[in-house]
Amino acid sequence: MMHPFEKIFSYQLSSRLEDTGVYTLTSQERSWLKLMLEHPAAAEALEPRTIEKLRECTLDDGMPDLTGGLEQKAGSREVQTVHPLLGELRSVLRRRQGMRLQCRTKKGKLNDPQPGIPCKLEYSMVKREWYLHWYNSATRSLMHTRLCHIVSAEEVRMARSRYEELSAQAQKRIAEGPRYEATVEVIRVFNAELTRILHAFSCFDKRVEFDEEERTYRIHLTFNGSEGEYVLTKLRFLGKRVKVVEGEYLKNRMRMTARKALALYGAEAEAETGADAAGAGYAAAAGPDVEARTEAPSSADTRPAEPEGSGGLASGA
Amino acid sequence: MAKESFDKEIQFLRLLALTGGGYDRQQFAGRLGISVHTFDKTVRRLREVSGDADFADLFRYGYADSAEPVLLFLYRAKSMKESESRRLPLLLTSLKGNPQTAAELMDACCEQLPPDAVMPDEKTIRSDLRYLEEIGVVRREPGGRPYRYILNNDLTDCLSRKELIDLYEFVDIMANTQIPSVQGYLLRDNLKKALKAAVPEEEWDDGLLEPFSYKYHYDARILDEAHLYTLLRTIRLRTRISFQYFSPKKRKSYAAKDTNPLFGREGEARRESTLPLKVVYDHQYGRWYLIGAAPKGRFVKFRMEGMVDIAEEQQVPEPYFTLKKADLDERMRFSWLIDTGETVTVRARFYRPANGQADFIEERVRLQGQWGEIVEETPESFVYEIKVNGITEIRPWLRGFGSSCEVLEPAELRQSFIDEWKEIADYYDASV
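So the protein sequences, as listed, match chains B and S. Just so we're aligned: 41 in UniProt numbering is position 41 of the first sequence, and the numbers increase by one with no gaps anywhere. Just so we're aligned: 7 in UniProt numbering is position 7 of the second sequence, and the numbers increase by one with no gaps anywhere.
Rendered as structure tokens:
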């Protein structure tokens, strides 16, 4: 029986056991593992021999019965839980070595192998996909590449001093990377939907402020360049419930989206009715904009693409 | 001892996690429907459990986005008697790699406890062993009486160092990407200790403990796993439940019980009752729902975060449950989330990116569009079609594509998009 509030998990006990090297494994933890070993990812992440040993150790533990009772909805298709390159890249990371990485571009073109060091392996819950953050030592730039675009990753032995030097350069680039701020206001008539709105923003760095007098909630968001597109997707997702009140870049992008969307439907914004030349111009220029580019960049430039006429991210900094 | 309830802590942590600690004490207490005094008491208690962390900082998403589940400490909040919290570590330490009888354990315990502590009798030790055996932490060695017990760490003991690292990384990935995850996170914490013991100090690297990071993750989802197993159990047993329900649309999310005169003025929420049929996890918002059967063939949906004080009621006959469950499964076949309303066909045209960019639009539609299909394709655009219950639940997803998506049908949805984009355009045009 799974019961997550078990006294064996109590902090009073774990703090006493802290320095003894003693730890306890309960059958509910083993049951959970047993369930996970059934997932196709297990065979990709673990050696067959390891799986066999783990199965043997969990023989006496029940399998949590979730079928029929639990259903998951509206998720991205789970395309990739473990990627075959994950193990290799982790071992380069663990040993603090360099690598030569050959990648394809998004359009399928094969690039020349590039030297560098891996920085971090990251999984996106939205894309259901792995990314490698790495430092290209030839171009001295930070890269962000989908594992499915990496053709080969070859370890290159490297003196510790050289590794530290490159790693320091990479850290410096990361620290210098711009952070953006924006404030999103919950339109008051939608205050009742606050928890839903907060849930939508809960995967970002944020702070919520409540103005008692105006009975208004404001969400202060902080994000980096590559997260900007996903913030935009969430804003469009919530639609008229929220409004960007600070952050010129997001405001401009939202304005563009609304105008272009209206042009698609052959409708125009209220403010632009009449023989407004700008309105007609938008209709002519209407086409899909680049809004869905969540985490897309795999080039050195991790800034989201800017549509024409927008203020650019820099104005939000 | 009365069963300890963590409802208050859960509500509290959820609010903290969702707001990033931005409310002041008064606002916080007000929203939780508790007094500032209770608020302070809860903070003190949770601080103790979490190791005195600064709460506001804890809930800001760090730039280094660590994979450490900050809310896991909720599950470490179960309290223990002081004497027990001294005795159990001694027992567990003695049982590591060394089979012992209850009598031997009692001696070991008495030897190591400080002289002023209450010495346990053999009955207490036996009951401790029974508990530890029941939860699978210790195992009885083969052989007759007196029984000998040993700490059951086979899972980690049988692995080489390389295998242990592989296992740790596997558990890290699965706990962070799969549902449910609480037990995975607890296991991960224990494997950390196994790793520390297996890797020699001179080779130790903290990077071993955080091999990966995870982006766009709903932290607060693990809070609702507190009720998950209770509900799954009642589904399995075909048992009705009653509970206090705080609709998320109400301002207060938790009302203190009026057993304490201090909080007597707080209004009690209505007690609901239902026959649980299914738990649904919504990946779009990271939220959980319970769907139950109500009289007259209706289905009722509850947000799990609003459910507190769940009590099991009477069982229903198996045929009744089976009928209801089959009916629900049928009615939910076309639910984008949980809508069991009328099925409509939604058609939308998606525009591919211009300027020769890779087609991330189609990629995203295929990834997130559930059972919908692409029925028409041109070099510039494609038409996506889906049969879905109602238009409410799919609407935000379609809107998320901005001007890359044009709703074609039904007309009502198309018109509502036009109206909404007009409103949004007004928000921003007015602010120029």
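Ideal Cβ positions, reconstructed from N, Cα and C, are used throughout, including at glycine.
Query: Let me make sure I understand the geometry here. Which of S:Val118, S:Met80, S:Cys158, S:Ile125 has the alpha-carbon closest to that of leucine 91 (chain S)?; Result: S:Ile125
Query: Pick helix, strand or coil for tryptophan 130 (chain B), following the three-state DSSP scheme.; Result: strand
Query: Kindly indicate which three-state DSSP category arginine 414 (chain S) falls into: helix, strand or coil?; Result: helix
Query: Following the continuous beta strand (DSSP E) through tryptophan 371 (chain S), name the residue where it begins and the one where it ends.; Result: Looking at the DSSP string, tryptophan 371 (chain S) is not in any beta strand (DSSP E), and its letter there is neither H nor E.
Query: When you compare the CB positions of tyrosine 75 (chain S) and phenylalanine 9 (chain B), do they come within less than 7 Å of one another, or not?; Result: yes
Query: Keeping to the same chain, check which residues put their C-beta closer than 7 Å to that of alanine 45 (chain B); ignore five residues upstream and five downstream.; Result: Val82
Query: Can you tell me whether proline 288 (chain B) is buried or exposed, with buried defined as 16 or more other CB within 10 angstroms of its CB?; Result: For proline 288 (chain B), the predicted model reports a pLDDT of 40, less than 50, meaning its position is unreliable; a value from the coordinates is still stated below. That one is buried.
Query: If asparagine 98 (chain S) sits next to isoleucine 150 (chain S), beta carbons under 8 Å apart, how far is it from one beta carbon to the other, in whole angstroms?; Result: 7 Å
Query: Using the Cα positions of lysine 106 (chain B) and cysteine 148 (chain B), report the straight-line distance between them to the nearest angstrom.; Result: 10 Å
Query: Give every residue of the same chain whose Cβ lies closer than 7 Å to the Cβ of methionine 106 (chain S), excluding the five residues on either side of it in the sequence, and list them in chain order.; Result: Pro120, Glu122, Ile125
Query: Buried or exposed: where does glutamine 284 (chain S) fall if 16 or more other Cβ atoms within 10 Å of its Cβ makes it buried?; Result: buried
Query: If we define contact as Cβ-Cβ less than 7 Å, is residue 332 (chain B) a contact residue for chain S?; Result: Limits of chain B in this structure are 1 at one end and 317 at the other, which puts residue 332 (chain B) out of reach.
Query: Mind checking whether methionine 80 (chain S) and glutamine 169 (chain B) have CB atoms under 7 Å apart?; Result: no
Query: Return yes when the Cβ of tryptophan 32 (chain B) is within less than 7 Å of the Cβ of glutamine 415 (chain S), no when it is not.; Result: no
Query: What does DSSP give as the partner residues of glycine 98 (chain B) in its beta bridges?; Result: B:Val156
Query: Which same chain residues, not among the five before or five after arginine 96 (chain B), have their C-beta less than 6 Å away from its C-beta?; Result: Tyr163
Query: By Cβ distance, which residues of its chain are closer than 6 Å to arginine 161 (chain S), with the 5 residues on each side in sequence left out?; Result: Ala198
Query: List the residues of chain S whose Cβ lies closer than 7 Å to the Cβ of threonine 216 (chain B), in chain order.; Result: Correct list: empty, because the minimum Cβ distance to chain S is about 13 Å.
Query: Using a beta-carbon distance cut-off of less than 9 Å, what residues from the region 66–95 of chain B approach chain S?; Result: Leu66, Gly68, Gly69, Leu70, Glu71, Gln72, Lys73, Ala74, Gly75, Ser76, Arg77, Glu78, Val79, Thr81, Val82, Leu86, Gly87, Arg90, Leu93, Arg94
Query: Name, going along the chain, the residues of the region 242–270 of chain B whose beta-carbon falls closer than 7 Å to a beta-carbon of chain D.; Result: This model lacks chain D altogether; the protein chains it does include are B and S.
Query: Could you check whether arginine 104 (chain B) and proline 115 (chain B) sit closer than 7 Å to each other, using their CB atoms as the reference points?; Result: no
Query: Can you give me, in chain order, the residues of the region 130–153 of chain S that have a beta carbon less than 9 Å from any beta carbon in chain B?; Result: Tyr131, Leu132, Glu134, Ile135, Gly136, Val137, Val138, Arg139, Leu151, Asn152, Asn153
Query: Could you tell me whether the Cβ atoms of alanine 192 (chain B) and aspartate 282 (chain S) are closer together than 7 Å?; Result: no
Query: Using the Cα positions of serine 202 (chain B) and threonine 50 (chain B), report the straight-line distance between them to the nearest angstrom.; Result: 37 Å
Query: Take the Cβ of glycine 68 (chain B) as the centre, count every other Cβ of all protein chains shown within 10 Å, and call the residue buried at 16 or more, exposed below.; Result: exposed
Query: For the 8 Å Cβ check, are there 3 or more pairs between the region 54–71 of chain B and the region 202–213 of chain S?; Result: no
Query: Between the alpha carbons of leucine 37 (chain B) and leucine 54 (chain B), how many angstroms are there, rounded?; Result: 9 Å
Query: For glutamate 204 (chain S), which of helix, strand or coil comes out of DSSP?; Result: A small fix is needed here, since residue 204 (chain S) is tryptophan in this sequence, not glutamate. Looking at tryptophan 204 (chain S) - three-state DSSP - the assignment turns out to be coil, as it is neither helix nor strand.
Query: I want to check one thing, is the minimum distance from the CB of serine 127 (chain S) to the heavy atoms of the ligand HEM below 6 Å?; Result: The ligand HEM is absent from the structure shown, which contains no ligand whatsoever.
Query: To the nearest angstrom, report how far apart proline 410 (chain S) and proline 396 (chain S) are at their CA atoms.; Result: 15 Å
Query: Leucine 275 (chain S) and glycine 292 (chain S): beta carbons closer than 7 Å?; Result: yes
Query: Per the DSSP calculation, serine 213 (chain S) is bridged to which residue(s)?; Result: B:Glu122
Query: Give every residue of the same chain whose Cβ lies closer than 8 Å to the Cβ of proline 261 (chain S), excluding the five residues on either side of it in the sequence, and list them in chain order.; Result: Note that proline 261 (chain S) scores 32 on pLDDT, short of 50, meaning its location in the model is unreliable; the coordinates nonetheless yield the value given after this. Same-chain partners within the cutoff: there are none.
Query: Valine 375 (chain S) to alanine 348 (chain S), Cα distance in whole Å?; Result: 10 Å
Query: What residue range does the beta strand (DSSP E) around alanine 311 (chain S) cover?; Result: 307–315
Query: Residues in the same chain with beta-carbon distance under 6 Å from isoleucine 418 (chain S), minus the five sequence neighbours each way, listed in chain order, please.; Result: none
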